[in-house]
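Peer 1:
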Amino acid sequence: MHLPMAISSFLFVLLSLLQTWTSSSSTSFDVLERGASLSEKTNDTLISPNGVFSAGFLSVGDNAFGFAIWYTNIPPNDHTMVWMANRDVLVGKKSKLSLLKNGNLVLKDAGRKVLWSTETVVASRSSVKLQLLNIGNLVLSTSDGVNCLWQSFDSPTDTLLPQQLLTKDTYLISSRSQSNHSSGKYKLFFDNDNVLRLLFQDPEITSIYWPPIWVLPMEAGRSRCNSSRTAVLDPSGYFISSDGFKFLSTDFGEGPLRRLTLDSDGNLRLYSFDEQTKKWIISWQAISKACMVHGLCGPNGVCTYDPGLGRRCVCLPGYKVKNDLDWSSGCEPEFNFSYNQADFGFLKLTHVEFYGFDTEALSNLTLQACREKCLNISSCIGFQYRFHDEIGVYKCYPKTLLFNGHHTPSYGGDIYLKLPKASPFLNKTTVKEIRLNCSGNISQSLEKHYEKFHENGALKFLLWFAYAIGVVEMTCIFSVLFFLFIANQDSRAVNQGYLLAARGFKKFSYNELKKATKGFTEEIGRGAGGVVYRALLSDKRVAAVKRLSEAKQGEAEFLTEVQTIEKLNHMNLIEMWGYCAEGKHRLLVYEYMEHGSLADKLHSNSISWDMRFEIATGTAKGLAYLHDECLEWVVHCDIKPQNILLDSNYQPKVADFGLSKLRSRGGINDSSFSKIRGTRGYMAPEWVYNLPITSKVDVYSYGIVLLEMVTGKSPAAAFQSYDKEGMKEHGTLATWVREKKNVAASKETWIKDILDPMIAGNYDINKMEIMVQVALQCVEEDRAARPSMSKVVEMLLSFKDDDQSPCA
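Counting in our numbering, the sequence shown tops out at residue 932, every number present.
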């Protein structure tokens, strides 16, 4: 009867010995002394004193290892690597990292070949040590810590940690893919002009894409007048560079672990670790439009972005992909360019741009002349044709290479692709899309053979048997806990559902909105007030979440203004569904608009003349409601195409109308603003001359928007006008339109002179005239001469169709 007890005792002793054996196979060190080694076989690691970072051999492929630094168990079961010594020459099993007696730190593979070393030497009597610091810096120094012989912070790979300097002698190089950590094609560095830049580098092609090469450093907020060439990220999420570039993380403040990484897709991102979700979230990124990174889709490839599907690559018609796993290789033609030039035609692809590789830039060429130019150049494989608003001319760009291609609905130019006339694509306008393989899944294997470790089958069986019993017990426990948790969540969801149905308005928690926006990763817009993200709420509604830049208001003041916004209800105002006021976080939740902003559609063929007139009328109705009809008087202060959103039926809704300025009707003439608000080109003169601010500032901005809708020209562009002596001087968009109207011989003449080419040939001349007349009244310098928004609505609606056919 004592047999079961004896078996239990035997199993206990056996498992204890087995646990001792397994734990001895993995050794952690605080310091590596001279003459000691770390081995891949025994899984040795160096641990920082705070336990945050680990250094050791990291498996990165089939029989492939790199000596690396990573976050310890963050996230769980995943090694977030921040540095690797031998990223381009991996080692296999039985490799070692040794601190030699001469002070040199070397990495050797199983064949004892040195693949990497620090190339340090110390005196024979000097003692040295290798230690991983709390900040993630691996340091080789004298034992007293006085002399630093080598440190990993001086040779970063793709990641910059807080307190780690980026200098003129260091740079970040992206990984090849998410699974292949070898050196990729993107580089963050200081150039010879002392400016921090992002570079695409390939054996045959290199190009700078951030800041955009066509933007002068001063225009991008950078300064060449510095010689230090240093940049650093501090622990609170503040990044500053010697060229003047700086940013704050969206979760600015002490607390989260952070890392600045140049990802394999060429975008520079700041990541913060969320302790609650145990995930890395993006708290800042250099490039908001994913397709603006160069080289993503290679030669003859086009990058497109869809909020639901993400970034995709597609080959041009008549071309095929070279490598399904690596889109940076691009596409190759399925035809021969050696044909006679007379055998070629052109396929127009709208809103597609290929940056660079122009044979020349030709101004004032007609489309036909540009075609002939490309046909007469044997190396020309297509041409870009675009109207430049700022100078008022068309430009022709013959191309010898189609690279850095991207499709953007807001881009006003087109690419004309040279194809054989026999190509079936010349009669088609659609392109088959191919999803981009972002991961690549490329692993590097070492072709070496090693002896297999011989396992004891009986011990393995007993271990698995004990584990199986434990797993069954834990499964039962967690099942009960999970059931109770779900029941509790369902109860909370039902209560919140009743509250939402009763009020139509909800207070969201910060974590709830973070989850809905996938960690604030899907950016759909941004402005001075904050960044807007796409979100999927728990009730499956798609929403737009605006994260305000700074929480300057107290919670009580913020809630007072939010409650006022809640009362506003008009078909031409964006509907707000809720808010978040938690700590320093201030967020607003709005309905999602399928067609984006008027700014996105204004320079495309997607909105006709009739739609523009309806958008103008609807916007005026929304502003009139804010100024005259709602319970509180609201002045928007920033009317512009970016703040006029379009729903699925292209009906306009004014956005960002709540937190600009709320006043009671009695205080309408006592408006005081602490600072100038608005956007250059749309701002009324009152802001400049420090006059009292009333609703007439919105009327002025609305008039500028009308002129932009009619002319297709940006109000920030320079215009030429004539004074009384015939001398040219710079004027505004309004001045330019007035002059065209005053000097024209007839109504048809001046309207054709100012008309947006996008709607030429399909508009109502009488509607156009009334729209311009309303706009010019709205932009009067004297605010008293401007009509109210209610009067604007009346003027637009009073127009009667007289059955005239559109102008040709």
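Every residue gets a Cβ at the ideal spot worked out from N, C-alpha and C, and that includes glycine.
#1: Below 8 Å, can you find three or more Cβ-Cβ pairs linking the region 391-409 to the region 494-507?
#2: Would you call the CB atoms of Y824 and C704 closer than 8 Å?
#3: Could you give the residue range of the alpha helix (DSSP H) that holds T743?
#4: What I want to know is whether the C-beta of F737 ends up closer than 7 Å to one or more non-hydrogen atoms of the ligand NAD.
#5: Pull up the distance between the alpha-carbon of P732 and that of A858, whole angstroms please.
#6: In the DSSP assignment, find the unbroken beta strand (DSSP E) run with R393 in it and report its ends.
#7: If you count every other CB in all the chains shown that lies within 10 Å of the CB of D762, and 16 or more means buried, which is it?
#8: Which first and last residues belong to the alpha helix (DSSP H) in which I889 is found?
#9: Would you give the residue range spanned by the alpha helix (DSSP H) that G827 belongs to?
#10: I'd like the span of the beta strand (DSSP E) that includes R862, first residue to last.
#11: Work out the CA separation of S407 and V839 for me, nearest whole Å.
#12: Between which two residues does the beta strand (DSSP E) carrying W811 extend?
#13: So which of F481, K472, L224, T524 has the shortest CA-CA distance to L491?
#14: Where does R249 land, buried or exposed, given buried means 16+ other C-beta within 10 angstroms?
#15: Would the beta-carbon of G802 fall within 8 Å of that of S721?
#16: Can you name, in chain order, every residue of its own chain whose Cβ lies under 7 Å from the Cβ of W334, other than the five neighbours on each side?
#17: Does the count of Cβ pairs from the region 876-883 and the region 803-810 closer than 8 Å reach three?
#18: Pop quiz: S265 and S222 are said to be a contact at Cβ under 8 Å. What is the actual Cβ separation, rounded to whole angstroms?
#19: So that I know if they touch, is there some Cβ in chain D lying closer than 8 Å to that of D389?
#20: I'd like the list of long-range same chain contacts for N793, defined as Cβ closer than 8 Å, with 5 residues on each side in sequence excluded.
#21: So, at 8 Å on beta carbons, what are the nonlocal neighbours of K864 in its own chain, with the 5 sequence-adjacent residues on each side left out?
#22: Return the first residue and the last residue of the alpha helix (DSSP H) that Y806 is part of.
#23: Terminal residues of the continuous beta strand (DSSP E) containing D538?
#24: Tell me the residue span of the alpha helix (DSSP H) that contains A723.
#25: With distances taken between CB atoms, is the gap from V898 to L921 smaller than 8 Å?
#26: At a cut of 8 Å, does the region 310-319 reach the region 447-464 through at least three beta carbon pairs?
#27: Using the C-alpha atoms, what's the distance from S388 back to G564?
#28: Secondary structure at R650, three-state DSSP: helix, strand or coil?
#29: Can you give me the start and stop residues for the beta strand (DSSP E) that V252 sits inside?
#30: For T291, collect the residues of the same chain with a Cβ closer than 7 Å to its Cβ; drop the 5 residues on either side in sequence, then sort them by chain order.
#31: Kindly indicate the opening and closing residues of the beta strand (DSSP E) around R325.
#32: Whose C-alpha, out of T741, V426, L499, N261, is nearest the C-alpha of T532?
#33: Find out if the Cβ-Cβ distance for the pair Q255, V263 is shorter than 8 Å.
#34: Less than 8 Å between the C-beta atoms of V713 and A667, yes or no?
#35: Would you kindly work out how many angstroms separate the C-alpha atoms of C437 and W451, rounded to a whole number?
#36: Do the region 337-344 and the region 206-222 make contact, defined as three or more Cβ pairs closer than 8 Å?
Peer 2: In brief:
#1: no
#2: Walking along the sequence shown from the start, residue 824 turns up at place 700. Walking along the sequence shown from the start, residue 704 turns up at place 580. No, Cβ-Cβ distance for Y824 and C704 is not below 8 Å.
#3: The residue labelled residue 743 in the question sits at position 619 within the sequence shown. Unbroken alpha helix (DSSP H) run through T743: 733-748.
#4: What this structure holds is no ligand at all, so the ligand NAD is not there to describe.
#5: Here residue 732 is taken as the residue at index 608 of the sequence shown, counted from 1. Here residue 858 is taken as the residue at index 734 of the sequence shown, counted from 1. The sequence given here places Ser at residue 732; Pro does not occur at that position. For S732 and A858, the distance between alpha carbons rounds to 23 Å.
#6: Here residue 393 refers to the residue found at position 269 when the sequence shown is read from its first residue. Run containing R393: 392-398, per the beta strand (DSSP E) assignment.
#7: If you number the sequence shown from 1, residue 762 lands on position 638. Buried: at least 16 other Cβ atoms inside 10 Å.
#8: Along the sequence shown, one-based indexing puts residue 889 at 765. Looking at the DSSP string, the run of the alpha helix (DSSP H) that includes I889 is 889-902.
#9: To locate residue 827, count along the sequence shown from 1; it is residue 703. Taken as a continuous stretch (DSSP letters only), the alpha helix (DSSP H) holding G827 covers 820-835.
#10: Within the sequence shown, residue 862 is the residue found at index 738, counting from 1. Looking at the DSSP string, R862 is not in any beta strand (DSSP E); the run it does join, the alpha helix (DSSP H), is 857-867.
#11: Taking the first residue of the sequence shown as position 1, residue 839 is located at position 715. Taking the first residue of the sequence shown as position 1, residue 407 is located at position 283. A small fix is needed here, since residue 839 is Pro in this sequence, not Val. So the alpha carbons of these two residues sit roughly 33 Å apart.
#12: Taking the first residue of the sequence shown as 1, we reach residue 811 at position 687. No beta strand (DSSP E) holds W811; the alpha helix (DSSP H) holding it covers 809-813.
#13: Numbered from 1 along the sequence shown, position 367 holds the residue referred to as residue 491. It is K472.
#14: Here residue 249 refers to the residue found at position 125 of the sequence shown. The residue is exposed, with fewer than 16 neighbouring Cβ atoms inside 10 Å.
#15: The residue labelled residue 802 in the question sits at position 678 within the sequence shown. The residue labelled residue 721 in the question sits at position 597 within the sequence shown. No, these two residues do not count as a Cβ contact at 8 Å.
#16: For the purposes of this step, residue 334 is taken as the residue at position 210 of the sequence shown. For W334, where only same-chain residues beyond five positions count, the Cβ hits under 7 Å are R321, L322, A410, I411.
#17: no
#18: Counting from one through the sequence shown, the residue named residue 265 turns up at place 141. Counting from one through the sequence shown, the residue named residue 222 turns up at place 98. 17 Å between Cβ atoms; not a contact.
#19: The chain labelled as chain D is not found in the depicted structure, where only one protein chain is given.
#20: To locate residue 793, count along the sequence shown from 1; it is residue 669. Its pLDDT being 43, under 50, N793 is placed unreliably by the model, and the measurement read from it follows with that caveat. Excluding positions up to five away in sequence, the list reads P816, T818.
#21: For the purposes of this step, residue 864 is taken as the residue at position 740 of the sequence shown. Within the same chain, K864 has close Cβ partners W874, D877, I878.
#22: Along the sequence shown, read from residue 1 onward, the residue named residue 806 stands at position 682. Per DSSP, Y806 belongs to no alpha helix (DSSP H) and is neither H nor E.
#23: Position 414 of the sequence shown holds residue 538. Where D538 is concerned, the enclosing beta strand (DSSP E) stretches over 538-544.
#24: For the purposes of this step, residue 723 is taken as the residue at position 599 of the sequence shown. Counting along the chain, the alpha helix (DSSP H) containing A723 begins and ends at 722-726.
#25: Numbered from its first residue, the sequence shown carries residue 898 at position 774. Numbered from its first residue, the sequence shown carries residue 921 at position 797. For V898 and L921, no; Cβs fall outside 8 Å.
#26: no
#27: Residue mapping note: residue 564 aligns to position 440 of the sequence shown, counting from 1. Residue mapping note: residue 388 aligns to position 264 of the sequence shown, counting from 1. Note on G564: pLDDT 35, under 50, position unreliable in the model; no value is reported.
#28: Taking the sequence shown and counting its residues from 1, the one referred to as residue 650 is at position 526. R650 falls in the strand class under three-state DSSP.
#29: Locating residue 252 in the sequence shown gives position 128, where the first residue counts as 1. V252 -> beta strand (DSSP E) spans 252-256.
#30: Here residue 291 is taken as the residue at index 167 of the sequence shown, counted from 1. R353, T354, listed in sequence order.
#31: Here residue 325 is taken as the residue at index 201 of the sequence shown, counted from 1. Before going on, a small fix: residue 325 reads as Gln here, not Arg. First-last of the beta strand (DSSP E) with Q325: 320-325.
#32: On the sequence shown, residue 532 is found 408 positions in, with the first residue counted as 1. Residue V426 is the option with its Cα nearest to T532.
#33: In the sequence shown, the residue the question calls residue 255 occupies position 131. In the sequence shown, the residue the question calls residue 263 occupies position 139. Their beta carbons are under 8 Å apart, which means Q255 touches V263 by this criterion.
#34: Against the sequence shown, residue 713 aligns to sequence position 589. Against the sequence shown, residue 667 aligns to sequence position 543. Taking 8 Å as the Cβ cut-off, V713 and A667 qualify as a contacting pair.
#35: By one-based count along the sequence shown, residue 437 stands at place 313. By one-based count along the sequence shown, residue 451 stands at place 327. Straight-line Cα distance between these residues: approximately 7 Å.
#36: no
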